[in-house]
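Participant: The structure under discussion is supplied below as structure tokens; questions concerning it will follow.
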RNA sequence: GGCCACGUGGCGGAAUGGUUACGCAGCGGAUUGCAAAUCCGUCUAUCCCAGUUCGAUUCUGGGCGUGGCCUCCA
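Numbering (the numbering used here), first residue to last: 1 to 443.
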């Protein structure tokens, strides 16, 4: 099955041809750990998980190997600011946030990346890259900083498709006096005593944002690799700068061959922001919904498309999953549907993949396909009480339900309906079935 | 201001130079003590204007609208 991927670098869909078919290599920019991950952060996590699963399917072991690296940025000024704000150590902020991050995304049905490197473990590699860049005339030290010399790289701007002239015209930030060129960006900056710092040829300091990904991708995937992913906002400056650093340092023609970027999402029609009060974290959403519902909702829209995160959409996903899981109940996990693979192979057309999924009649194929897509097939987990359940009086509900069952046994329908209404008024829905009466918090 | 992406039925969302996608909701029916679930059936669409074409939702140009990026936000 031919896989095509949209490549930001060429702004077109291209046939995926791995550098080494025996070893497919993918790098995705992970979180900066200073706060709960929001649902926007969940998009690349889920989207690239699907790509990882698809690659493993198309390039199966043992003939092939797929290596997926997703980093953790644990040195950053936002982290420092958060620590200062709370009066706690930087380690406390990062370790707490990393733990929370892992906990949150584990509910989303994502496979763990093969490597999850942390920036702070790779500072030496960053320093040696910076030294190399200086030696090759692509970087210079000034006032304790080291800057990348943008004019030294003629192809700068190729990934984000913009000229430095355009960028300067639109610039709205004042230019630091130590920069030779307005576009130059920081590779290394000095740290005061209260900030995290490492000894370096330029004094005690810390790395700039972009160099970590150049160093870590090289460490685990090599100087050139296949796929590099992240959110669209990272195209510029982050990825553009990564390309500049890596290519100039290693003297390569490319850093990654295929650059993939997921679009942003909105919440109920509005841009998500803290000031609007619609800043939804993954953790918030998991209080109300099973992780798999979040996963399906995220994948219903093609990854490059912007989309609107709504309760209505989540409800629909929940219904879809209930139906599918009901269909596979008791079936063994069979083959993967070829139409679904074909849809995914066309630049991860997950929307089309799910519409094909709706057409699957065979329970085993359904199970196999859902499983490839990262769904658990566990209807109990899907219907299990969410964390929001803690906000209702469970004991009372169970009591009312048993009273209603007694009323029904006596065919006292008026009393049974009155009890149902009482339960509904508490925000709880009940359902009768041959196996008994179940209940859940209404969403 | 510069650059980029997008605009399909009530909602989500594919595909396509000419023929009903699909899902959710709605509506009708079966079933159910009542509901839920399930099953059967069913209505509604391609932002506006111009051009190319026998024919455009699909290609080209313009307009309007939405979103994103323009130094650290996925």
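Cβ coordinates follow ideal geometry from the N, Cα and C atoms, glycine included.
As the structure is a computational prediction, the values presented were derived from the model and not from experiment.
Quick one: is residue 251 buried, meaning 16 or more other Cβ sit within 10 Å of its Cβ, or exposed?
Facilitator: exposed
Participant: When the Cα atoms are used, what is the spatial distance from residue 285 to residue 294?
Facilitator: 8 Å
Participant: Measuring CA to CA, which of 300, 366, 209 is closest to residue 336?
Facilitator: 366
Participant: Tell me whether the beta-carbon of residue 148 lies closer than 7 Å to the beta-carbon of residue 185.
Facilitator: yes
Participant: Going by beta-carbon coordinates alone, are residue 82 and residue 27 separated by less than 7 Å?
Facilitator: Result no, Cβ atoms of residue 82 and residue 27 do not sit closer than 7 Å.
Participant: Does the Cβ-Cβ distance between residue 408 and residue 419 come in under 7 Å?
Facilitator: no
Participant: If you draw a straight line from the alpha carbon of residue 347 to that of residue 5, how long is it in whole angstroms?
Facilitator: 4 Å
Participant: Select from 104, 253, 91, 75 the residue whose C-alpha is nearest the C-alpha of residue 287.
Facilitator: Taking only the C-alpha atoms, the option nearest residue 287 is 104.
Participant: First and last residue of the alpha helix (DSSP H) that includes residue 250?
Facilitator: Residue 250 -> alpha helix (DSSP H) spans 240-250.
Participant: From the DSSP output, read off the bridge partner residues of residue 67.
Facilitator: 25
Participant: With residue 132 and residue 249 assumed to form a contact (beta carbons below 8 Å), what rounded beta-carbon distance in angstroms separates them?
Facilitator: That pair is a contact at about 5 Å.
Participant: Looking at the structure shown, is residue 210 part of a helix, part of a strand, or coil, going by DSSP?
Facilitator: coil
Participant: Spatial neighbours of residue 265 within its chain, please: C-beta separation below 6 Å, excluding the five flanking residues on both sides.
Facilitator: Cβ-Cβ distances below 6 Å link residue 265 to 40, 307, 309 in the same chain, with the five nearest sequence neighbours on each side left out; the list follows chain order.
Participant: Along the chain, where does the alpha helix (DSSP H) that runs through residue 190 open and close?
Facilitator: Residue 190 -> not in any alpha helix (DSSP H); beta strand (DSSP E) instead, spanning 185-190.
Participant: From residue 372 to residue 325, what does the alpha carbon distance come to, in whole angstroms?
Facilitator: 14 Å
Participant: Compare the Cα-Cα distances from residue 242 to each of 200, 153, 278, 262 and report the closest residue.
Facilitator: 153
Participant: Using the beta-carbon count (16 or more within 10 Å), is residue 43 buried or exposed?
Facilitator: buried
Participant: For residue 182 and residue 192, I'd like the C-alpha separation in whole angstroms.
Facilitator: 25 Å
Participant: Considering only their Cβ atoms, is the gap separating residue 156 from residue 244 smaller than 7 Å?
Facilitator: yes
Participant: Rounded to a whole number of angstroms, what is the C-alpha to C-alpha distance between residue 29 and residue 257?
Facilitator: 16 Å
Participant: Where residue 55 and residue 208 are concerned, what is the direct C-alpha to C-alpha distance, given to the nearest angstrom?
Facilitator: 32 Å
Participant: In the DSSP output, which residue or residues are listed as bridge partners for residue 148?
Facilitator: Answer by DSSP bridge pairing, in chain order: 139, 185.
Participant: Which residue from 368, 240, 78, 10 puts its Cα closest to that of residue 195?
Facilitator: 78
Participant: I'd like the list of long-range same chain contacts for residue 316, defined as Cβ closer than 7 Å, with 5 residues on each side in sequence excluded.
Facilitator: none
Participant: Is it true that the CB of residue 219 sits closer than 7 Å to the CB of residue 141?
Facilitator: no
Participant: Would you list the residues sitting across from residue 270 in a DSSP beta bridge?
Facilitator: 267
Participant: For the alpha helix (DSSP H) holding residue 298, just list the boundary residues, first then last.
Facilitator: Annotation for residue 298: the continuous alpha helix (DSSP H) segment containing it runs 291-300.
Participant: Following the continuous beta strand (DSSP E) through residue 307, name the residue where it begins and the one where it ends.
Facilitator: Residue range 307-309 is occupied by the beta strand (DSSP E) that includes residue 307.
Participant: How many Å lie between residue 10 and residue 338 at the Cα?
Facilitator: 29 Å
Participant: Determine the closest residue to residue 199 out of 120, 68, 329, with distance taken between C-alpha atoms.
Facilitator: Just measuring C-alpha positions, the residue of 120, 68, 329 sitting nearest residue 199 is 120.
Participant: Can you tell which of 400, 383, 144, 412 has the C-alpha that lies nearest to the C-alpha of residue 441?
Facilitator: 383
Participant: Would you list the one or two residues that DSSP bridges to residue 256?
Facilitator: Its beta-bridge partners are 225.
Participant: Indicate whether the contact test is met: 3 or more Cβ pairs, each with one atom in the stretch 10-22 and one in the stretch 56-67, closer than 8 Å.
Facilitator: yes
Participant: If residue 69 and residue 217 are in contact, beta carbons under 8 Å, what's the gap, nearest whole angstrom?
Facilitator: 7 Å
Participant: Let me confirm a value: residue 15 is counted as buried when at least 16 other C-beta atoms fall within 10 Å, else exposed. Which label applies?
Facilitator: exposed
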